[in-house]
Amino acid sequence: MQLLSSSTSNKLLLWGLLFVGHSRFIVTALECYHCEGADCEQMDQGKVDKCPDGETVCATIFNEGTIIAKGCLGNITEDIRIKCQGNNIDILNQCHKCKDDLCNEWSPNNMDLECIQCDSKLDPKCRIEGEPLYMDPTHCHISRTPNILCYALKEGNRTVRGCASTLEQQRTCMASDGCYLCNPNTLPVCNALIPKFEDAQNPNTNAGGIIGVEILSYISMVILIVRNHFL
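Under mature numbering (1 follows the signal peptide of the UniProt record, and there is no 0), the residues of the sequence shown are numbered -29 to -1, 1 to 202, in order.
This is the structure in structure tokens:
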């Protein structure tokens, strides 16, 4: 077998280095599931879009528990995309952002789980603390976690209640003084009664876990039921 000449070997080595160096700068476009409006109500995830160069975020935008748009963040119409303003991965009950291919995939919730879903900007009753809120619960339609939880979030004079359907939402809530989580499997419609709590503007990484607030909620509910019906 004839050995390659020194000059030929050097050329091959140079071409190899150039190819490796070039391939490092080849970045494949991000892919996101895309839908808008009524199309998002279908059982399938929707069509797949390749995002434009530089786009790094797939987004899912909600109106309460319903998906109203999915896609590359920059491709979603501006009047809807405004719900995703801010740096949070999850904006509770409004927008979920992620950065992997096809990460904006959501599954229907086939379990019969319900939470109170309301916003005190639209219904002042939603702000009630320390006593039951008499409002019809809404089915939690979609989920990206095996365990859907109910939440109540307080920001200034505004209180929002709904379904925490992602791990990011649940972690965000647990890390805040102004957010309350509970498990509807343990106590149905558990966010109908929420304790008085601080504003959510100051996150607390050592905030208490779900079990403690569930016990408080359960005990408070029992006391109120007994007082209203037996005393």
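For glycine and all other residues, C-beta sits at the position ideal for the given N, C-alpha and C. Since the model is a prediction, treat every value here as computed from it, not as a measurement.
Reducing DSSP to helix, strand and coil, say where Arg129 ends up.
strand
> Shortest alpha-carbon distance to His112 belongs to which of Ile99, Leu124, Glu85 and Glu7?
Replying inline: Comparing alpha carbon positions, the residue from Ile99, Leu124, Glu85 and Glu7 closest to His112 is Glu85.
| query | Skipping 5 residues on each side, what residues in its chain have a beta carbon closer than 7 Å to that of Lys96? | reply | Leu104 and Met106
Beta bridge counterpart(s) of Cys150 as assigned by DSSP:
DSSP links Cys150 through a beta bridge to Leu124.
Compare the beta carbon distance of Thr31 and Lys41 with 7 Å and say whether it is the shorter of the two.
yes
Between Leu124 and Ala135, is the Cβ-Cβ spacing less than 7 Å? no
Item to check | Distance CB(Gln56)-CB(Phe33) smaller than 7 Å | outcome: no
- When burial is assigned at 16 or more other CB atoms within 10 Å of the CB, is Pro174 buried or exposed? In this prediction, Pro174 scores a pLDDT of 41, lower than 50, which makes its location untrustworthy; the coordinate-derived value is nonetheless stated afterwards. Pro174 should be labelled exposed.
Same chain, Cβ closer than 6 Å to Gln13, neighbours up to 5 away in sequence not counted:
For Gln13, there are no CB contacts under 6 Å within the same chain when 5 residues up- and downstream are skipped.
Check: Does the distance from the CB of Asp61 to the CB of Gln140 come in under 7 Å?
Finding: yes
| Alpha carbon to alpha carbon, how far is Asn128 from Asp72? | 38 Å
Check your understanding: Roughly how many whole angstroms lie between the Cα atoms of Glu7 and Ile39?
Key -> The straight-line gap from Cα to Cα measures roughly 6 Å.
query = Going by the beta-carbon positions, is the gap between Cys144 and Cys150 smaller than 7 Å?
reply = yes
- Where does Cys11 fall in DSSP's three states? helix
Out of Glu76, Arg132, Cys74 and Gly101, which has the shortest C-alpha to C-alpha gap to Lys92? Checking every option, the nearest Cα to that of Lys92 belongs to Arg132.
- Query: For the candidate residues Asn46, Lys18 and Gly17, whose alpha-carbon lies nearest to that of Asp24?
  - Reply: When each option's Cα is compared against that of Asp24, the closest is Asn46.
- Distance, Thr(-2) Cα to Ile181 Cα: Unreliable placement is indicated for Ile181, whose pLDDT of 44 sits below 50; no coordinate value is reported for it.
- Local conformation of Cys17 per DSSP, three classes: First, the amino acid is wrong: residue 17 is Gly here, not Cys. The three-state secondary structure of Gly17, taken from DSSP, is coil.
- Query: What whole-angstrom Cβ distance do Cys29 and Asn75 have, given they're in contact under 8 Å?
  - Reply: 4 Å
| Comparing alpha-carbon positions, which option in Cys11, Gln16 and Arg98 lies nearest Glu2? | For the set Cys11, Gln16 and Arg98, the Cα lying nearest the Cα of Glu2 is the one of Gln16.
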